[in-house]
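So the protein lines, in turn, are chains A and B. For the first sequence, the residue numbers in the working numbering are 1 to 513. For the second sequence, the residue numbers in the working numbering are 1 to 222.
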Amino acid sequence: MSNREHVLIIGGGITGLETARELIRADHAVTLVEQSPQLGGVALFLREYRKRVEELIATVSGFEGIVIHTATSINRIRGQIGRFEVTFNAKELTTTYVTQIVVAIGADVVFPSGLYPSRLPGMLDLLEAHRSDFGIRNAINQSKRVVLIAGYGKHSKAFTMRRILNVALDLRKSSGCDVTIIMDMIRFDGAWIPIEYEECRRLGILFIRSRVHPEVRKADERLTIHIEHESLMPDASGTPITITADHVILEPDFQPRLLKSVFWSLHEPRQNSDGFYGGVNNHYDSIQTNRKGIFVLGSATGMKSVAQCRDDVHLFMRQMARSETRPSVPRVDEDRCAACLTCARVCPHAAISVTHASTIDDAACTVCGICAAECPAEAITMPTEPAWRNPCAEWAGDCVVFCCTGSGRDAMQNSIERSGLPPGFRVFEIECGGGMRMRDILDLLLAGISRIVFFICQDGNCKHVHGNTRLVKRLVHTQKLLLKLGVASDRLLVVRTASQDAPALRPTPIVNA
Amino acid sequence: MIVGKPKSIEDIIEMTRPYRRILIVGCGSCLTVCRTGGGREISIAARAISLARLNMPGAFETHEIIVQRQCEPELCEDIPAMAREFDAILSFGCAAGMQTIADLIRTIPILPGIDTQFMGRIVDHRRYIEQCIGCGDCTIDQSEGICLISRCPKAQQNEPCGGSDPADHCEVNPDLECVWVTFARRLGERPGSVSISKIIEPKDWSRSHAGGVRSTPAEPEP
Chain A
1 MSNREHVLII
11 GGGITGLETA
21 RELIRADHAV
31 TLVEQSPQLG
41 GVALFLREYR
51 KRVEELIATV
61 SGFEGIVIHT
71 ATSINRIRGQ
81 IGRFEVTFNA
91 KELTTTYVTQ
101 IVVAIGADVV
111 FPSGLYPSRL
121 PGMLDLLEAH
131 RSDFGIRNAI
141 NQSKRVVLIA
151 GYGKHSKAFT
161 MRRILNVALD
171 LRKSSGCDVT
181 IIMDMIRFDG
191 AWIPIEYEEC
201 RRLGILFIRS
211 RVHPEVRKAD
221 ERLTIHIEHE
231 SLMPDASGTP
241 ITITADHVIL
251 EPDFQPRLLK
261 SVFWSLHEPR
271 QNSDGFYGGV
281 NNHYDSIQTN
291 RKGIFVLGSA
301 TGMKSVAQCR
311 DDVHLFMRQM
321 ARSETRPSVP
331 RVDEDRCAAC
341 LTCARVCPHA
351 AISVTHASTI
361 DDAACTVCGI
371 CAAECPAEAI
381 TMPTEPAWRN
391 PCAEWAGDCV
401 VFCCTGSGRD
411 AMQNSIERSG
421 LPPGFRVFEI
431 ECGGGMRMRD
441 ILDLLLAGIS
451 RIVFFICQDG
461 NCKHVHGNTR
471 LVKRLVHTQK
481 LLLKLGVASD
491 RLLVVRTASQ
501 DAPALRPTPI
511 VNA
Chain B
1 MIVGKPKSIE
11 DIIEMTRPYR
21 RILIVGCGSC
31 LTVCRTGGGR
41 EISIAARAIS
51 LARLNMPGAF
61 ETHEIIVQRQ
71 CEPELCEDIP
81 AMAREFDAIL
91 SFGCAAGMQT
101 IADLIRTIPI
111 LPGIDTQFMG
121 RIVDHRRYIE
131 QCIGCGDCTI
141 DQSEGICLIS
151 RCPKAQQNEP
161 CGGSDPADHC
171 EVNPDLECVW
181 VTFARRLGER
191 PGSVSISKII
201 EPKDWSRSHA
211 GGVRSTPAEP
221 EP
């Protein structure tokens with residue numbers, strides 16, 4: 001794989017633009033697709049970010065290595081890392097090929113209609129109140145009392161709290177109107193909130209706590225808000241309060257944009273219970289989906305602040321750097337290859353096709369080594385020669401531990417942290433136990449290694465589908481062979497483990513498969 | 001394809017016991033594909049013999065080599081020179097390959113590493129089935145592309161034996177479907193398929209191995 005990637009960015013919001021800028025600075029090619037006619041997304045309408053977003057649009061548009069399609073929707077995505085085929089509907093139907101995909105589609109901001117089915121005049125959502133245009137600001141500035149209602153939506157998080165406090169402060173300072181904040185509970189998830197909270201209290205902003213969301217009614221030209229007030233005094237608890245206000249600002253709800261229609265043909269992205277993408281399974285980074293080469297960034301993975309979106313971009317750039325340095329694929333010696341199809345049949349990632357000899361698709365290959373271990377002609381060589389393959393005489397009597405990168409490596413680290421590495425243990429990392437050749441096991445035994453231990457994933461957990469079961473079958477076969485040869489068969493051991501385990505370094509005997 | 005079965009490791013160790021330096025020759029064709037005589041299998045065999053000989057007195061040495069096709073003398077021409085360094089050759093080719101090497105090398109013994117079994121094809125990963133016995137008189141056109149001689153244990157040519165179980169499995173090898181059931185199923189699949197009632201004439205077995213060692217004509221047609 002060449003170092004220069006061609007990345008498709010879906011979404012021209014602040015996350016998409018930041019990603020584009022970072023990628024072009026790192027000398028990658030970028031195609032950016034935005035659904036609406038204008039770049040910038042939601043952040044363009046937020047006063048504090050407007051200038052930054054405009055600068056970002058100017059910078060990104062000025063780059064040479066970028067192709068930007070606005071008012072464009074993605075029709076179809078097929079293929080795999082290194083060779084995604086993308087069809088999108090610009091002025092005409094266009095197909096392009098990219099190596100990686102960034103999904104930065106963000107989330108839709110919706111009026112909290114679940115709580116307030118009818119939107120009365122004077123009711124706004126927080127982002128509308130925060131917007132820099134539409135004349136809304138003038139209307140709010142002329143009002144005498146503004147009530148902010150927050151915390152009843154399911155997506156409420158710390159950063160919304162911060163925005164609410166900032167809007168309240170802003171209103172109080174700029175127009176001098178009375179500001180009241182009603183919320184189910186006041187949450188401080190970050191160190192910066194109490195400062196703003198103190199500031200609010202100092203400026204006389206009123207906080208009312210109510211478990212039940214308040215009722216808003218239209219009365220004459222103004223709005224009345226009925227609250228089941230929760231007092232600190234037990235007798236007064238539940239006393240209804242009625243406040244009159246010119247404007248009511250509601251915390252908006254966020255809902256993830258529909259991704260499925262685009263990716264249906266390709267994969268099903270992981271969703272959490274709120275419907276956001278990614279970040280559900282702790283085996284994956286929050287920005288990486290269960291499909292290699294597709295990254296979901298920004299608010300598409302959950303409600304995020306601009307700062308958090310930028311963190312995602314930096315995390316993604318680190319991932320990109322890692323993907324560039326990944327090892328190349330195994331090599332096939334065409335003179336030795338008997339085109340027996342074994343590799344194509346055993347490859348868990350369907351990366352191998354065979355015509356006159358095997359061909360390995362470098363985009364789909366994960367370098368697990370199962371093909372090389374199974375190839376009857378030994379025609380497949382792995383890209384790197386592992387250090388353990390030529391054991392020296394000093395190793396005699398030692399215990400060699402192989403840890404798979406899926407679970408064994410983490411479990412081994414936990415064990416070492418807990419009790420240290422016993423003397424005479426030599427630990428090596430292998431991509432998957434399924435890639436361990438039987439001849440290598442016998443070579444180690446011939447070199448006088450007293451025990452060979454494999455830390456592998458538990459049944460059904462192998463990311464190479466059947467790598468762990470293949471290894472166990474191979475070891476059972478080897479053990480039977482050793483019994484016939486008069487060699488002690490307990491020299492081979494398997495520990496099935498999970499990443500969060502810390503197994504004692506006294507391995508249990510192999511379980512008969 | 002010729003399918004073989006590896007000899008048991010005990011037999012191989014017993015066979016190789018008198019020799020100190022052994023040349024192990026694999027075959028890169030049929031026996032590689034059926035996973036009995038390729039690079040992977042001979043490397044495992046070499047190490048297994050070495051492990052077994054660890055506790056025996058005297059030095060021991062093996063060397064592995066793969067020939068693209070052992071039954072081709074030209075492809076085996078490097079072996080006689082190499083064989084001078086060794087006490088015995090352990091061949092993982094089919095019987096034809098082993099004999100080709102035996103014809104080339106008269107100074108040291110040739111030991112069989114596998115048992116040659118049959119001509120067949122793959123049915124599943126690592127599973128092969130016999131398809132031909134080399135009778136010399138092919139009649140698969142009269143049985144919808146099925147060799148009744150090799151695929152029926154009783155070589156029933158004109159009717160099933162009637163011994164299959166209720167699930168239509170062969171009474172001799174219950175893992176397999178009765179080949180006459182396969183034949184009957186194929187009859188309706190193609191317009192103009194052969195009639196099951198047509199009698200297949202008795203076979204001329206003199207064209208098979210029963211008629212003596214067979215070979216192609218001394219002067220083959222151009």
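Every residue, glycine too, gets a C-beta built ideally from N, C-alpha and C. In this text the structure is predicted, and so the values were computed from the model without any measurement.
Note to self: Could you tell me the alpha carbon to alpha carbon distance between His130 of chain A and Glu92 of chain A, rounded to whole angstroms?
What the structure shows: 37 Å
Note to self: When you compare the CB of Asp515 of chain A with every CB in chain B, is at least one pair closer than 8 Å?
What the structure shows: No statement about residue 515 of chain A is possible, as the shown extent of chain A runs from 1 to 513 and does not include it.
Margin query: Can you tell me which residues form a DSSP beta bridge with Arg426 of chain A?
Written below: A:Val400
Checklist line | Reduced DSSP secondary structure (H/G/I, E/B, other) of Glu130 of chain B | finding: strand
Check: Quick one: Cα of Leu176 of chain B to Cα of Cys161 of chain B, how far?
Finding: 15 Å
Margin query: Let me make sure I understand the geometry here. Which of A:Glu394, A:Gly176, A:Thr59 has the alpha-carbon closest to that of Arg145 of chain A?
Written below: A:Gly176
Check: Where DSSP assigns a beta bridge to Lys218 of chain A, which residues make up the other side?
Finding: A:Leu223
Next item on the list: Please classify Ala26 of chain A: does DSSP put it in a helix, a strand, or coil?
Entry: coil
Next item on the list: Run down chain A in chain order and give the residues with a C-beta less than 9 Å from the C-beta of Ala48 of chain B.
Entry: Leu442, Leu481, Leu482, Lys484, Leu485
Checklist line | Proximity winner among A:Arg437, A:Gly408, A:Gly420, A:Cys375, relative to Trp388 of chain A (alpha-carbon distances) | finding: A:Arg437
Next item on the list: May I have the straight-line CA-CA distance separating Leu310 of chain A from Gly467 of chain A, to the nearest angstrom?
Entry: The identity of residue 310 of chain A in the sequence shown is Arg, whereas the question assumes Leu. If you take the alpha carbons of Arg310 of chain A and Gly467 of chain A, they lie about 37 Å apart.
Next item on the list: May I ask you to list, following chain order, the residues of the stretch 367-383 of chain A that have a beta carbon less than 9 Å from some beta carbon of chain B?
Entry: Ala373, Glu374, Cys375, Pro376, Ala377, Glu378, Ala379
Next item on the list: Taking 8 Å as the cut-off, decide whether the C-beta atoms of Asp125 of chain A and Val103 of chain A are in contact.
Entry: no
Checklist line | Whether Ser29 of chain B touches Gln68 of chain B by CB criterion (8 Å) | finding: yes
Note to self: So with CB distances below 7 Å, who are the chain A contacts of Arg35 of chain B?
What the structure shows: Pro376
Notebook entry, point to check: Taking only beta-carbon atoms, is Arg20 of chain B less than 8 Å away from chain A?
Noted result: no
Checklist line | Chain-ordered chain B contacts of Leu446 of chain A [CB-CB under 9 Å] | finding: Arg47, Ser50, Leu51, Leu54
Check: How far does the alpha helix (DSSP H) with Asp443 of chain A in it reach, from first residue to last?
Finding: 438-446
Item checked: Short CB-CB distance (under 8 Å) between Glu14 of chain B and chain A -> no
Next item on the list: Run down chain B in chain order and give the residues with a C-beta less than 7 Å from the C-beta of Cys340 of chain A.
Entry: Thr32, Val33
Next item on the list: Tell me, please, whether the stretch 448-457 of chain A touches the stretch 393-406 of chain A by the rule of three or more beta-carbon pairs shorter than 8 Å.
Entry: yes
Next item on the list: Determine the direct distance from the alpha carbon of Leu171 of chain A to that of Met183 of chain A, and round the result to whole angstroms.
Entry: 18 Å
Next item on the list: Give a yes or no on whether the minimum CB-CB distance between Ala513 of chain A and chain B is below 8 Å.
Entry: Its pLDDT being 35, under 50, Ala513 of chain A is placed unreliably in this model, and the value from its coordinates should be taken loosely. Not one chain B Cβ lies under 8 Å of Ala513 of chain A.
Notebook entry, point to check: Looking at C-alpha atoms only, which residue of A:Asp178, A:Cys337, A:Val494 is the closest neighbour of Gly204 of chain A?
Noted result: A:Asp178
Check: Straight-line CA distance for Ser215 of chain B to Ser208 of chain B?
Finding: 11 Å
Checklist line | Cutoff 6 Å; reference Thr244 of chain A; Cβ partners in own chain excluding five residues on either side | finding: Arg222, Thr224
Checklist line | Secondary structure, alpha helix (DSSP H): runs of 4+ residues fully inside the stretch 43-115 of chain B | finding: 79-83, 95-104
Checklist line | Inter-residue Cα distance where the pair is Pro214 of chain A and Val147 of chain A | finding: 11 Å
Item checked: 8 Å Cβ cutoff met for Met119 of chain B and Gly134 of chain B -> yes
Next item on the list: Name the residue from A:Gly62, A:Tyr97, A:Leu46, A:Ala377 whose alpha carbon lies nearest to the alpha carbon of Gly39 of chain B.
Entry: A:Ala377
Checklist line | Buried/exposed call for Gln142 of chain A, threshold 16 Cβ in 10 Å | finding: exposed
Checklist line | Per-residue burial, Ser358 of chain A [other beta carbons within 10 Å of its own, 16 or more giving buried] | finding: buried
Check: If we ignore side chains and look at the alpha-carbon of each, how far apart do Phe84 of chain A and Tyr97 of chain A end up?
Finding: 6 Å
Note to self: Classify Ala168 of chain A: buried if its beta carbon has 16 or more other beta carbons within 10 angstroms, exposed otherwise.
What the structure shows: buried
Check: Any beta-carbon of chain B closer than 8 Å to the one on His283 of chain A?
Finding: Confidence in His283 of chain A is poor, its pLDDT being 36 and thus under 50, which makes the residue's placement too unreliable to answer from.
Check: Whose C-alpha, out of A:Gln413, A:His6, A:Arg137, is nearest the C-alpha of Glu429 of chain A?
Finding: A:Gln413
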